[in-house]
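If you count by this note's numbering, then the first sequence holds residues 139 to 472, one letter each, in order.
Structure, as structure tokens:
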Amino acid sequence: MKRSEDERMGSRYKELHERLNLWYREHGRHDLPWRQTRDPYRIYLSEIMLQQTQVSTVLERFYFPFLERFPTLAVVAEASEEEVLKAWEGLGYYSRARHLHRTARLCNGVLPSTSQELERLPGIGRSTARAIACFAFDEAAPILDANVRRILYRFFRRRKATERELWRMAERLFDAKRPYDYNQAMMDLGAMICTPKDPRCDLCPLREGCRGRQAPERYPEAKKASKTPVRRAKILLCERGGAWALSQSRERFHGGLWHFPRFEDEVSGEFLGRELARYSHFALEAEIWRVAVLPKDYDKPIGFFTPKSIEELPLGGIDRKIFKKYFGVLSVES
DNA sequence: CAGGCGTGGGT
DNA sequence: TACCCAAGCCT
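Here it is in structure tokens:
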């Protein structure tokens, strides 16, 4: 009778939920700053920054400086997209920053309180919407991030699964009685115990119900390594009256960021060195050239900036690196 | 649905 | 070294 009641209530895993909760209370990362606030903006910002990004990077380099510059979503809404990109410089996946800016303006600095409304905002998908709604407003719904995903593959011993199946598994294991603690616990479990390599099944609070624990690393199926294509380009440093030419990307890649002019054909000038940059889906082998004038075929709009003003522009990683490496010398020379 | 989309850390 | 991986979303 009790059992059938549990199953109707969706709490077939009551015992495991208890163990997970005990584990979380003892071992969870309770000191993370976004777990010590109910401010929807601070929680939202953490969720966006943490997409495809390790906790340590966000925590040590970006979260607090961003909040210092943009303490509320209303401050984001009043700023320009470029100012937001500047605070995002070095974090990567810059569409997150552009979407953050659009979201701030779309909702006039006040986030909605349900996952259904949140999911309509740019940059907020199903999992992030539920995470914000859960952590800021106690909405009872599971999330499906990389940690939860890996746990589900192993717990239900699946090598492959569709998105729909994963969401169904997430719903099945979910502890609707403690949504906040459950969702946080699952992310900690994935990060600390059910890791991609060498998972610590002996310490796992879910081990009793885990169908994959005999061979956890078989689940999910390993992805095939895809080779990243290599592109080659010359990066041109071109000075005029103490100011240097840069263009602003209008494309999806590095959209809104500034960069030194890039050119694929021959150029005349002084060869300065090489740089290698690895991006998400290609690698760039770049030669750095100092040129007196830009090639005639370079057709993108450019602006000229002093080294001091280049400091204030949002730049991608390789351009920022080049700036730091070469510019002290060059600007002193000229 | 598959691929575009950054960067840094870990092994 | 050369991979893999990380609190995903958009098109």
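Each residue gets a CB set at the ideal place from its N, CA and C atoms; glycine is no exception.
Integer Cβ distance of Cys272 from Leu259, believed to fall under 8 Å = Contact flag wrong, Cβ pair sits at about 16 Å.
May I ask you to report which of helix, strand or coil DSSP gives Ile426?
-> strand
Indicate the three-state DSSP secondary structure (helix, strand or coil) for His155 in the structure shown.
-> helix
Where are the beta strand (DSSP E) runs, 3 residues long or more, that stay fully inside the segment 330 to 416, in chain order?
-> Along the length of the segment 330 to 416, whole beta strand (DSSP E) runs at least 3 residues long occupy 368 to 378, 381 to 386, 408 to 416, reported in chain order.
Endpoints, alpha helix (DSSP H) assigned at Phe202 | Unbroken alpha helix (DSSP H) run through Phe202: 201 to 207.
Proximity of Lys372 and Glu408 at Cβ, strictly below 7 Å | By the CB criterion at 7 Å, Lys372 and Glu408 fall outside the cutoff.
Smallest Cα separation from Trp172: which of Lys298, Arg264, Gln322?
-> Gln322
Backbone secondary structure at Phe82 - three-state DSSP = In the structure displayed, the chain extends from 139 to 472; residue 82 sits before or after that span and is not available.
Bridge partners - Ala421, DSSP secondary structure assignment | Val368, Arg416
With hydrogens ignored, establish whether the beta-carbon of Gly350 is closer than 6 Å to any heavy atom of the ligand ATP.
-> This structure lacks the ligand ATP, and indeed carries no ligand of any kind.
Count the other CB atoms within 10 Å of the CB of Ala363; is the residue buried (16 or more) or exposed (fewer)?
-> exposed
At least 3 beta-carbon pairs within less than 8 Å: the segment 260 to 279 vs the segment 217 to 232 = no
Tell me, please, whether the segment 284 to 292 touches the segment 331 to 341 by the rule of three or more beta-carbon pairs shorter than 8 Å.
-> yes
Quick one: measure Cβ to Cβ for Leu451 and Phe443, integer angstroms, because I've assumed they're closer than 8 Å.
-> 7 Å
Where does Gly379 land, buried or exposed, given buried means 16+ other C-beta within 10 angstroms?
-> Per the 10 Å Cβ criterion, exposed.
Should Thr252 go down as buried or exposed, given a rule of 16 or more other Cβ atoms within 10 Å for buried?
-> Thr252 should be labelled exposed.
With 16 as the cutoff for other CB atoms within 10 Å, does Ser194 come out buried or exposed?
-> exposed
Taking C-beta to C-beta, are Ala212 and Gly166 nearer than 7 Å?
-> no
Drop a sphere of 10 angstroms on the beta-carbon of Thr175, count the other beta-carbons inside from all chains shown, and report buried for 16 or more, exposed for fewer.
-> exposed
Can at least three beta-carbon pairs, one atom from the segment 334 to 350 and one from the segment 293 to 307, be found at a separation below 8 Å?
-> yes
Assign Ser472 to one of three DSSP states: helix, strand, or coil.
-> Here the model assigns Ser472 a pLDDT of 41, short of 50, so the residue's position is not dependable, and the following value carries that caveat. Three-state DSSP puts Ser472 in coil, outside helix and strand.
Express the C-alpha separation of Ile440 and Tyr464 in angstroms, rounding to a whole number.
-> 20 Å
Spell out the partners DSSP gives Leu453 in its beta bridges.
-> Trp396
Tell me which same chain residues have a C-beta within less than 7 Å of the C-beta of Glu359, skipping the five on either side of it?
-> Arg297, Lys298
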